[in-house]
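Engineer: Chains A and B, in that order, give the protein sequences.
The numbering of the first sequence is our numbering, which starts it at 1 and goes up by one.
The numbering of the second sequence is our numbering, which starts it at 1 and goes up by one.
Note that CB positions come from ideal geometry on N, CA and C, so glycine has one too.
The following block contains the structure, expressed as structure tokens.
Number of protein chains: 2
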Amino acid sequence: MTEKKSDKKYVYFFGKGQSEGKADMKMILGGKGANLADMAQGGFPVPPGFTITTEACAEYGKIGREKLFKTIESQVKDALKKLEKTTGKSFGKGPNPLLVSVRSGAAASMPGMMDTVLNLGLNQKTVDAMIKLTGNPRFVMDSYRRFMQMFGNVVLGIEHDVFEHELEALKKSRKLKLDTEMTVEDLEKLVATYKKAVKKVTGKEFPEDAMEQLWRGVQAVFDSWDNPRAIKYREINDIRGLIGTAVNVQSMVFGNSGDNSATGVAFTRDPSTGKNEYFYGEFLINAQGEDVVAGIRTPQQITIKGSKEWAKRHGITEATRKKQYPSLEEAMPACFKELDDIRMALEKRYKDMQDLEFTIENGTLYMLQTRNGKRTAAAAVKIATDMVKEGFISEETAVMRVEPGQLDQLLHPVFDKKSEEKADKVAVGLPASPGAATGQVVFNAADAEKWADAGKQVILCRIETSPEDIGGMNVARGILTARGGMTSHAAVVARGMGTCCVSGCEEVIIDYAKKQMTIGKKLVKEGDWISLNGSTGAIYVGEIATVDPQLTGPFGEIMKLADKYRKLGVRTNADTPTDAARAVDFGAEGIGLCRTEHMFFEGKRIISVRRLILTADTVKKLKEKYSTACLETLKKKADKAELPAIKQYQQALAELLPLQREDFIGIFKALKGRPCTVRLLDPPLHEFLPQDAKGVKEMAKQMKITEAEVKNTIDALHEFNPMLGHRGCRLGITYPEVTAMQVRAICEAACAVKGSQPEIMVPLVGNVKELAMQRRIIEEVIAEVEVEKKAKLAVKIGTMIEVPRAAVTADKIAAEADFFSFGTNDLTQMGCGFSRDDAGKFLGDYVRKGIYDYDPFNVLDQDGVGELVRIAVEKGRKTNKNIKLGICGEHGGEPKTIEFCNSLGLNYVSCSPFRVPIARLAAAQAAIKAQKK
Amino acid sequence: MTEKKSDKKYVYFFGKGQSEGKADMKMILGGKGANLADMAQGGFPVPPGFTITTEACAEYGKIGREKLFKTIESQVKDALKKLEKTTGKSFGKGPNPLLVSVRSGAAASMPGMMDTVLNLGLNQKTVDAMIKLTGNPRFVMDSYRRFMQMFGNVVLGIEHDVFEHELEALKKSRKLKLDTEMTVEDLEKLVATYKKAVKKVTGKEFPEDAMEQLWRGVQAVFDSWDNPRAIKYREINDIRGLIGTAVNVQSMVFGNSGDNSATGVAFTRDPSTGKNEYFYGEFLINAQGEDVVAGIRTPQQITIKGSKEWAKRHGITEATRKKQYPSLEEAMPACFKELDDIRMALEKRYKDMQDLEFTIENGTLYMLQTRNGKRTAAAAVKIATDMVKEGFISEETAVMRVEPGQLDQLLHPVFDKKSEEKADKVAVGLPASPGAATGQVVFNAADAEKWADAGKQVILCRIETSPEDIGGMNVARGILTARGGMTSHAAVVARGMGTCCVSGCEEVIIDYAKKQMTIGKKLVKEGDWISLNGSTGAIYVGEIATVDPQLTGPFGEIMKLADKYRKLGVRTNADTPTDAARAVDFGAEGIGLCRTEHMFFEGKRIISVRRLILTADTVKKLKEKYSTACLETLKKKADKAELPAIKQYQQALAELLPLQREDFIGIFKALKGRPCTVRLLDPPLHEFLPQDAKGVKEMAKQMKITEAEVKNTIDALHEFNPMLGHRGCRLGITYPEVTAMQVRAICEAACAVKGSQPEIMVPLVGNVKELAMQRRIIEEVIAEVEVEKKAKLAVKIGTMIEVPRAAVTADKIAAEADFFSFGTNDLTQMGCGFSRDDAGKFLGDYVRKGIYDYDPFNVLDQDGVGELVRIAVEKGRKTNKNIKLGICGEHGGEPKTIEFCNSLGLNYVSCSPFRVPIARLAAAQAAIKAQKK
């Protein structure tokens, strides 16, 4: 097998005007290799070298070192010969020895994750030749000992400490403080002790043969592809589908060969603001690349302007600056000029902001690397929009340039960076809802509301939240929970509200009774200040200053572009006028999911709701007994003892009607004529009953019944699997009066607010007959209100598709539905058989083991749950080709899911207000990608 | 609309040799009407008449009485004229008045559910003419007062009591005991009082006009189609798709016109045994049909032989019999001869056992009705097999003649009928598992085992059962639970064991502490005798004698025929050698579902299982910490404090291995080389932990840990929706060692029992990767055991399809599976979003409202869950065309579901042992039906 493959090209040479590789060969040359080839080809001053492909790395994993090296040996040797010829140097020998760097470089950037060896090719012979050649023994010996350290650690697997120990011992014996104080003799002595140490640890001599060094260096880079650090990095950054790393063998140039030498890194624009004002970067004279980032010496700035601002920021006088920290523009004006030209040429060539590495060796500039630079969200937006204006890129490209998920950074208050760095971080929970919050701790929703009314800013801390806490959550600046995952009640509600939330922090132990908690070892009492970073999950004790978001300027421009290209509509999930208004500000085209159950908890409504629940079962049984669904008939048939229940039931509904109507009026007003999909009551009734003894006592008092009666009701409504229980339209089937009341409230509100576009959504339909029955009731009430109000209402009636049975019988259901909205949260729960509240116990493990690529509650499981959606779309359109299709699960704001929705041709996605901009951008990207295909 | 339909035929005349209807017109003439038409056409002595169609009834419901009657008026009048001509009598007038009966008759038999009026056409005029004609005023007046009662009640809606009251008052005033003692004068007086009563109650005179009587009679029959009694009957007997009842208007003949007259009912064969020994039936001289069933006079037997046996049974001497109760054969030999010839002619004509009604009027025999007779299961089997031998019907017809569900009656012990009738019935629960049981009450599983060991027969009574009770359930004769539906744990397990069970009886209130219960008002203590009828749900206090089932003879023959025609294989769900052996006796071709979790509860195993659970989480976390799945590696890496958990975990598995192996050896032996699908561990681990405080205490003691530790473990494993939690193969993924242990036990057992055919089934797969990972482990263990035992094992590896995601990704899963077994219980739960434990709250209502035709846990929901099955079958075969497909949910033994499985071409169904014969028969019927199509 190896024999057959031997004519495959595994090694690509690069050098000025004669590169074998090309810019579009990233997958096999890696990002760095492809860029070096391309830069060299383009005439940029790149030290020549060659790249061993990622395919070689993949083969290495499959067939092993020995076979692979045999396969590629001749190609490597040929490339090395060419390199010797190009540079006029010779590898492993004098008089002008060729030294090389050996660096990793995968198709995706993984900075610092894999291994690098510099100065490879040094041994006693080449060291001597170099000294003769340069006349600079200190430089050579320093390079040698650095090489030994690096090779020893990376290739030979010797702990850093071993070398550090020898270094420190030497410095101690010589009473030196800095490495740079070492003399040539010191360095020679150090090299000798290093050699001994290597022998001692590995049992073998440090390899003198340059070829052996090279092969072992290559092997080390290949091995580093699968080191735990790299694997973790790929996991965190969702880097998939790569086969391995390439290896770049490049002739060394030395920024540390004297005061006419330097090394530096630079960005072609400011990576944190995106501004194109000046050349942003740092350099050091007489240093190697690693020194710039090591922090031992203070790096200097590239431009005069940058340097002056930097000095000002650090309180350094212009005189000191000029003397100690001159800019490259000042220190090496010719090199600066050349570099600045290269900067502009590179941006022109790559049409994106570049992250550069350069070295100046004895006054000659070399480019060691260029790549698209990492940037903040703000910079990404700014650069993309600027580059359109500058004529570098098209609008579509600009849209593709911004990572939608990043936008979140721009929508919430954030901590002032410096203050956060200094703050007292006590634990890290799950980053459940982004943003930053600082406030005083309270431990229950009622206190939160009380304190907030008193003008305080509060952080609500709960073991976990329940729908009862909604009022307190609404007024809190931030929410902290000890239990619950990324899709727990707290997380979902907080994201919907745009409130910062850190959830499921196991180190938080709350004592409600004492109104205090411990976070790790820290005791935090009611009223103490804490701060939460909902984007990282960090929890701090104390107050941290926050900075407000900026939504205009480039952000507005990129959103406008997104809207121009996207095909999918973007709606929001919102239950309050505040949320609705905010979402409209963020560009929402309507509400895709307005939950009504939250409205059942507010203020005194819960009393009516509980009265309803207490009488509902009796009413239900009476209906069966007297074979009638009509309450008026029931009242006539019932005997005296049975009458009060029916009356109280009706009374409770009558109390709720005007309150619900006011809710909808507020929301419809905020929407200003945009459509609003209202979901009828969904949760099981037991959610409206008290959860603890105190609540039971209260309810008994409110309702004027015994605590035992309250408990009986709770017991009667208890469910083993509430997820699969008596909820959704099943409630509406059992209690059609509740459906009728809600529909009446919606219709009356629609009459009150001109231009309203209500759409009524029946939840949890599994069987077309459920929808048909609910539809009859809804249509009856609409007709009644139309007569009463002398109005004509255009109300759409549709359903959630969230039960697998609904998906596979969508052809039948579509006949009764004006729209489908995919409730992918529940469809995931039922489709995969995962309880959102319980799956935490194994889902992490499942994702780690690759059973699911992503947590299916975060990213729609396209193969499975997506297949149910696909089936439903296909079947639904078969019987109702005009059916409107949308998605309103948590997935509606997730870019990969949005791309999937775009591919199915859905009409819209709906997501929490703060995800609306993300969804707009993701939808545009999906449309552009689809067009390209 | 009505105008257009007026040329439609709504009325069909019947009479000797001139019937307009035909035998195959049941749907529009009803069963009775079609039979009368056919009998008359065939030359049988049927009193002529006409039938108003079921379509008229349907129209009546739609367009109302007035419009319909206008539409059919001329047809009815024409038919009446023809009837007058044929009979030579005139309707509503003398000298020879035509009297008619008006009877209901739908396409399906609904005996006694709808209304009948006899003697219609009587009024003062016709009464006088009849008296003149017959010279028998007593007969005429008696007919008149009967007519008034019947018409008054059925048509005018006057309560029976009103007439009874007048009758009793008259008899009292005349000091009479029997109706027959009334004189003509008495009867005349009675008729007069009846007329007054009718006027008083209805405000109108009793209708004198015969035509008005007829129309109102017809209307009453139409109305009775939808009376609550009829609706309920159709619901109970699952009669669907009918549009209404037909009305049969037939000229009256009088069995009460003197001693040369008689009336009777008869079956052509014995309806309870099916024997074809003699003509089975009863008659009364000088009586009308209603008298035979009214029980006022003792009916006489048809044949001499039957009469003699009857007399013997009732201790009546031959002399008395001959004098007081002569058979028809003796009393009216000519008529008997004619009737006996007709009996045989009818069987020949209809090729089935017939249920006849006849009347003899003045020595002339009339046939009033014939229909296929209702029969017991035993009779159905006997008649079907006999008729094949007699050349009446084909084998296929014989197979179609037996209702599979009925077979259940033949497989279990039953109560002696007479004893059950006399017994003290105290409540009725759900008929959860058929059969009859009598025994002494115990209230927990341990006592059940103890008492059974002591040779007592016990009834285990529990509030509800849990897997812990399995031992006690196994030894109990019957099981009674206060809670839980038809698919509760108790019900499912009991059906599997073939143990009689009555579940969910709310009147049963158990006090475990006092070891007693109340059933209604009855107090029952430990050791008291009770009896359960699992086929009806009846609960009796006291002992009732039981009768054992007979499985040979005709039963064996019909089973043989079924096997000849069925295409589907039939396996059983069995977890023990006893069940396996029983199922094999019942004809099972292997085990389709062998659950292994029950094996985890038995005896001391639970201790090992609990030890496993206590250490499992620690092991899991250590694996993550040290990034290894190998316990041996873990042991090397772990520190001292961590070691004991790993060791105990291994130890627990080592303890379980030999026990599991012995379980499988027993089962494989019982199967004698038949295949056995073993499902790996399925339930969530918390099911193995104690449920109450006492259990916690015990476990703490057993495990030598604190109660708090036990509780912590229970809390940690608690799930909000256990149905969707950490169970099935999710356990195997987290704890691969458990999978490996089970597979090893299976393989070692297979090596120990020659010819075993184990098939290993991975439960709850939703994603092909789960199956692939488990498959790798399974294959590894198989390979290990093969090496160790120097054996070659042919083990199939497959999965349950029970998660909707699995169904829609079956193409992928099939690539890793040798077989699919549809777990339709869980597929229903997840597909419909119904928790089996909770759905009782609304499912009844859903079925009543017609949202689902049947409870989807009893009869597979073909439209929805069935669609998921269909998708899975299609996709599965696409990638693996040889995949073996079966079903192992509770539905596997349900005839409608079996027909569906047959239509999909599944390979087999699997059901509890006692359903195996039912499944065999249903499979044969499905195959025959499919062939006909």
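When you compare only the Cα positions, how much space is there between B:G537 and B:M517?
Structural biologist: Here residue 537 of chain B refers to the residue found at position 537 of the second sequence. Here residue 517 of chain B refers to the residue found at position 517 of the second sequence. If you take the alpha carbons of B:G537 and B:M517, they lie about 18 Å apart.
Engineer: Check whether the Cβ of A:C832 lies closer than 8 Å to any Cβ atom in chain B.
Structural biologist: Translated into positions along the first sequence, residue 832 of chain A becomes position 832. It does: the Cβ of A:C832 has a partner Cβ on chain B nearer than 8 Å.
Engineer: Grab me the residues of B:L643's own chain with a C-beta within less than 7 Å of its C-beta, minus the 5 sequence neighbours each way, in chain order.
Structural biologist: Translated into the one-based positions of the second sequence, residue 643 of chain B becomes position 643. Hits under 7 Å: K635.
Engineer: 8 Å is my cut-off, CB to CB: does B:T465 come that close to chain A?
Structural biologist: Reading the second sequence from its first residue, position 465 is the one you call residue 465 of chain B. Not an interface residue.
Engineer: B:T734 CB to nearest chain A CB: under 8 Å?
Structural biologist: As a working mapping, residue 734 of chain B is identified with position 734 in the second sequence. Closer than 8 Å: yes.
Engineer: Within 8 Å of any Cβ in chain B, is that where the Cβ of A:S845 sits?
Structural biologist: Against the first sequence, residue 845 of chain A aligns to sequence position 845. For the sequence presented, residue 845 of chain A should be read as Asp rather than Ser. Closer than 8 Å to some Cβ of chain B, the Cβ of A:D845 qualifies, so yes.
Engineer: Closer than 8 Å, CB to CB, is A:Q829 near chain B or not?
Structural biologist: Numbered from 1 along the first sequence, position 829 holds the residue referred to as residue 829 of chain A. Cβ-Cβ to chain B under 8 Å: yes for A:Q829.
Engineer: Could you name the residues that DSSP lists as bridge partners for B:Y280?
Structural biologist: Taking the second sequence and counting its residues from 1, one reaches residue 280 of chain B at position 280. Answer is B:F267.
Engineer: Taking A:D838 as the query, report the chain B residues whose CB atoms sit under 8 Å from its CB, ordered along the chain.
Structural biologist: Numbered from its first residue, the first sequence carries residue 838 of chain A at position 838. Near A:D838 (Cβ distances below 8 Å), the residues of chain B are E719, F720, N721, P722, L724, G725 and H726.
Engineer: One question on the structure: do B:E802 and A:T809 come within less than 8 Å of each other, judged by their Cβ atoms?
Structural biologist: Numbered from its first residue, the second sequence carries residue 802 of chain B at position 802. Numbered from its first residue, the first sequence carries residue 809 of chain A at position 809. Not a contact, by the Cβ cut-off of 8 Å.
Engineer: When the distance is taken between beta carbons, is B:A107 closer than 8 Å to B:K31?
Structural biologist: The residue you call residue 31 of chain B lines up with position 31 of the second sequence. The residue you call residue 107 of chain B lines up with position 107 of the second sequence. It should be pointed out that residue 31 of chain B corresponds to Gly in this sequence rather than to Lys. Yes, they are a contact pair.
Engineer: List the whole-angstrom C-beta distance separating B:G569 from B:N907, where the pair is believed to meet the contact cut-off of C-beta under 8 Å.
Structural biologist: Stepping through the second sequence from its first residue, residue 569 of chain B is reached at position 569. Stepping through the second sequence from its first residue, residue 907 of chain B is reached at position 907. Indeed, because the Cβ distance is near 6 Å, the residues count as touching under 8 Å.
Engineer: Is the beta carbon of B:R269 closer than 8 Å to that of B:I383?
Structural biologist: Counting from one through the second sequence, the residue named residue 383 of chain B turns up at place 383. Counting from one through the second sequence, the residue named residue 269 of chain B turns up at place 269. Result yes, Cβ atoms of B:I383 and B:R269 sit closer than 8 Å.
Engineer: Taking Cβ-Cβ distances shorter than 9 Å, what residues in chain B pair up with A:E770?
Structural biologist: Locating residue 770 of chain A in the first sequence gives position 770, where the first residue counts as 1. Near A:E770 (Cβ distances below 9 Å), the residues of chain B are Y846 and I851.
Engineer: Would you say B:E867 lies against chain A (beta-carbon separation less than 8 Å)?
Structural biologist: Locating residue 867 of chain B in the second sequence gives position 867, where the first residue counts as 1. Output row for B:E867: interface = yes.
Engineer: If you reduce the DSSP assignment to three classes, tell me which class A:F336 lands in.
Structural biologist: Mapped onto the first sequence, residue 336 of chain A falls at position 336. In this structure, A:F336 counts as helix in the three-state DSSP scheme.
Engineer: Who does B:V426 pair with in a DSSP beta bridge?
Structural biologist: On the second sequence, residue 426 of chain B is found 426 positions in, with the first residue counted as 1. Paired residue(s): none; B:V426 is not in a bridge.
Engineer: Short check: CB of A:E282 to CB of A:Q301, under 8 Å?
Structural biologist: Sequence index remark: in the first sequence, residue 282 of chain A carries index 282 (1-based). Sequence index remark: in the first sequence, residue 301 of chain A carries index 301 (1-based). It is a contact, given that the beta carbons lie within the stated cut-off.
Engineer: Can you give the Cα-Cα distance for B:G725 and B:F822, rounded to whole angstroms?
Structural biologist: Taking the first residue of the second sequence as position 1, residue 725 of chain B is located at position 725. Taking the first residue of the second sequence as position 1, residue 822 of chain B is located at position 822. If you take the alpha carbons of B:G725 and B:F822, they lie about 20 Å apart.
Engineer: For a cutoff of 8 Å on Cβ pairs, would you count B:D528 as touching chain A?
Structural biologist: To locate residue 528 of chain B, count along the second sequence from 1; it is residue 528. Not one chain A Cβ lies under 8 Å of B:D528.
Engineer: Could you compute how far the alpha carbon of B:K4 sits from the alpha carbon of B:T71?
Structural biologist: Numbered from its first residue, the second sequence carries residue 4 of chain B at position 4. Numbered from its first residue, the second sequence carries residue 71 of chain B at position 71. For B:K4, the pLDDT reaches just 48, beneath the cut-off of 50, and the residue's location in the model is therefore unreliable, although a value from the coordinates is still provided. One C-alpha to the other measures close to 10 Å.
Engineer: Please classify B:C630: is it buried, with 16 or more other beta-carbons within 10 angstroms of its beta-carbon, or exposed?
Structural biologist: The residue you call residue 630 of chain B lines up with position 630 of the second sequence. Exposed is the call here.
Engineer: Among A:K9, A:E84, A:L921 and A:A745, whose alpha-carbon lies nearest the alpha-carbon of A:P97?
Structural biologist: Within the first sequence, the letter at position 97 stands for residue 97 of chain A. That would be A:E84, whose Cα lies nearest to the Cα of A:P97.
Engineer: In chain B, which residues lie with their C-beta within 7 Å of the C-beta of A:L764?
Structural biologist: Locating residue 764 of chain A in the first sequence gives position 764, counting from the first residue. Simply G833.
Engineer: Check whether the stretch 769-780 of chain B touches the stretch 832-844 of chain A, counting contact only when three or more Cβ pairs, one atom from each stretch, lie closer than 8 Å.
Structural biologist: In short, these stretches do not touch, since the Cβ pair count stays below three.
Engineer: Could you list the residues in the stretch 893-914 of chain A with a C-beta less than 8 Å from some C-beta on chain B, going in chain order?
Structural biologist: From the stretch 893-914 of chain A, no residue has a Cβ closer than 8 Å to chain B.
Engineer: Restricting to runs no shorter than 3 residues, where is the beta strand (DSSP E) found entirely within the stretch 363-441 of chain A?
Structural biologist: DSSP runs (the beta strand (DSSP E)) wholly in the stretch 363-441 of chain A: 364-372, 424-428 and 430-433.
Engineer: Whose CA, out of A:I360, A:T359, A:Q650 and A:M367, lies closest to the CA of A:A345?
Structural biologist: For the purposes of this step, residue 345 of chain A is taken as the residue at position 345 of the first sequence. Looking at the Cα atoms, A:M367 is the closest of the given residues.
Engineer: Could you name the residues that DSSP lists as bridge partners for A:N248?
Structural biologist: Counting from one through the first sequence, the residue named residue 248 of chain A turns up at place 248. Note: A:N248 sits in a beta bridge opposite A:T51 and A:R103.
Engineer: So what's A:Q288 in DSSP terms, helix, strand or just coil?
Structural biologist: Working through the first sequence from its first residue, we reach residue 288 of chain A at position 288. Looking at A:Q288 - three-state DSSP - the assignment turns out to be coil, as it is neither helix nor strand.
Engineer: Using DSSP bridges, identify the partner residues of A:E984.
Structural biologist: Beyond the ends of chain A as shown, which are 1 and 933, falls residue 984 of chain A; an answer cannot be given.
Engineer: Does chain A have any CB closer than 8 Å to the CB of B:F857?
Structural biologist: On the second sequence, position 857 is the one that residue 857 of chain B refers to. For B:F857, the answer is no, since every Cβ of chain A falls outside 8 Å of its Cβ.
Engineer: Let me check understanding here. Comparing Cα to Cα, which of B:E507, B:K669, B:I606 and B:P431 lies closest to B:G478?
Structural biologist: Counted from its first residue, the second sequence places residue 478 of chain B at position 478. Taking only the C-alpha atoms, the option nearest B:G478 is B:P431.
Engineer: Pick out whichever of A:S835, A:G889, A:K769 and A:S910 has its Cα sitting closest to the Cα of B:I851.
Structural biologist: Counting from one through the second sequence, the residue named residue 851 of chain B turns up at place 851. With distances taken between Cα atoms, B:I851 lies closest to A:K769.
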